[in-house]
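J.: Numbering (UniProt numbering), first residue to last: 1 to 344.
Quick reminder that beta carbons are idealized off the backbone N, C-alpha and C, glycines included.
Pasting a structure here, questions to come.
Now the structure itself:
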């Protein structure tokens, strides 16, 4: 195919990269924060909600397809050859049911908007459900396939290629480490939920249980919360949210799994995953005051989990890896500032 850039097969080394320094800078600590990704003049938008905790948060239900394409075009952070990188706003699902307005559903229009003609984009790598951050797209099937093989190989040899930033309700007991857990998907009360399995048997592994692994590093703490850098070394739905719950530090805005963490006399402990129904995250009064939120506003907080950095192989085996970065969304910036996080 004309215009295809075929990327090298081999991994050429991994470096930690700017990580939190870039995250804090993108959040407004020493530099200007990222711009709002709302189209101007939208005829379908209503006025701001009185109880809306995050002004400017993307609401796909208020956008037409054309307006969403404008938003995504403005959110492109890099376009070279067949590869396009988008800083996907929180609230926009990457995929969904037929008829849903998603990133996948508007890729043909986005391809046209970016001047790719008949070369339609496809998704190579994306942030998880309800997360914000980097989405890697390709207009060349050969390039997409080569990169998919690279990501698969990196997982197999446990070399991280993705770095997330998260704000957690609670501070991990150690400043850095690994989180290992066997996870499975279960249909509970009409919802597909991820539950831990310990210890997994060989039968469990055959029945869909997967051993998962993530690196974490606490970068800053304040007001009983932490800014955490997360690097998944395996791929499983909601892996990072569940891993942080197992650390008794759910991600802020996690309305799916945070209910599994309970507190008695100031001590946190895990409730049985199979019998704990999802509910809106409940924050204590001190944290609500720091965030300047009412309980009803806290129940609308978006998930504070952002795919900030992605590493790609250089065009040739001897080349330095390419690092793609996506600035933090405005609501993430606001939360960091409210919590007064300070680097350790």
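Restricting to runs no shorter than 3 residues, where is the beta strand (DSSP E) found entirely within the stretch 53 to 126?
T.: Complete beta strand (DSSP E) runs here, min 3: 76 to 80, 83 to 88 and 122 to 126.
J.: Quick check on the DSSP output: the alpha helix (DSSP H) that includes residue 262 runs from which residue to which?
T.: It is not in any alpha helix (DSSP H) - residue 262 instead sits in the beta strand (DSSP E) that spans 261 to 264.
J.: Do residue 321 and residue 132 have their beta-carbon atoms positioned less than 8 angstroms apart in this structure?
T.: Not closer than 8 angstroms, so no.
J.: Between the beta-carbon of residue 275 and the beta-carbon of residue 256, is there less than 8 angstroms?
T.: No. Outside cutoff.
J.: Have a look at residue 264 and residue 283 and give me their C-alpha separation to the nearest angstrom.
T.: Distance between the alpha carbons of residue 264 and residue 283: 14 angstroms.
J.: For residue 208, which residues in the same chain have their Cβ closer than 6 angstroms to its Cβ, ignoring the five residues on either side in sequence?
T.: Closer than 6 angstroms at Cβ, skipping near neighbours: 184.
J.: Among 176, 298, 262 and 311, which residue has its Cα nearest to the Cα of residue 150?
T.: For the residues 176, 298, 262 and 311, the minimum Cα distance to residue 150 belongs to 311.
J.: Can you find the residues in the same chain that come closer than 7 angstroms, C-beta to C-beta, to residue 223, ignoring five residues on each side of it along the sequence?
T.: Once the five neighbours on either side are set aside, the close Cβ partners of residue 223 are 287, 290, 339 and 340.
J.: Need the endpoints of the alpha helix (DSSP H) that residue 331 sits in, please.
T.: It spans 330 to 339 - the alpha helix (DSSP H) in which residue 331 sits, taken as one unbroken run.
J.: List the residues that DSSP assigns as beta-bridge partners of residue 184.
T.: Its beta-bridge partners are 195.
J.: I'd like the list of long-range same chain contacts for residue 241, defined as Cβ closer than 6 angstroms, with 5 residues on each side in sequence excluded.
T.: The residues are 251, 254 and 257.
J.: On the criterion of 16 or more Cβ atoms from any shown chain inside 10 Å, does residue 157 qualify as buried, or is it exposed?
T.: Classification of residue 157: exposed, given that the 10 Å Cβ count is below 16.
J.: Under the rule that 16 or more other beta-carbon atoms within 10 Å means buried, what is residue 304, buried or exposed?
T.: Label assigned to residue 304: buried.
J.: Buried or exposed, going by whether 16 or more other CB atoms sit within 10 Å of the CB of residue 170?
T.: Result: buried.
J.: With burial defined as no fewer than 16 other Cβ atoms inside 10 Å of the residue's Cβ, what is the status of residue 269: buried or exposed?
T.: With fewer than 16 Cβ atoms within 10 Å of its Cβ, residue 269 is classed as exposed.
J.: Can you list, in chain order, the residues of its chain whose CB lies under 6 angstroms from that of residue 42, leaving out five sequence neighbours each side?
T.: Since pLDDT at residue 42 reaches only 41, below the 50 mark, its modelled position is unreliable, and no value is offered.
J.: Is residue 226 helix, strand or coil by DSSP?
T.: Residue 226: strand per DSSP, three-state reduction.
J.: Per the contact definition of three or more C-beta pairs closer than 8 angstroms, is the stretch 214 to 232 in contact with the stretch 108 to 117?
T.: Taking 8 angstroms as the limit for Cβ pairs, the verdict is that the stretch 214 to 232 does not touch the stretch 108 to 117.
J.: So who's on the other strand from residue 325, going by DSSP bridges?
T.: According to DSSP, residue 325 bridges with 309.
J.: What residues in its chain sit with their C-beta under 8 angstroms from that of residue 22, if we drop five residues either side in the sequence?
T.: Low confidence applies to residue 22: its pLDDT is 40, below 50, so where it sits in the model is not reliable enough to give any reading.
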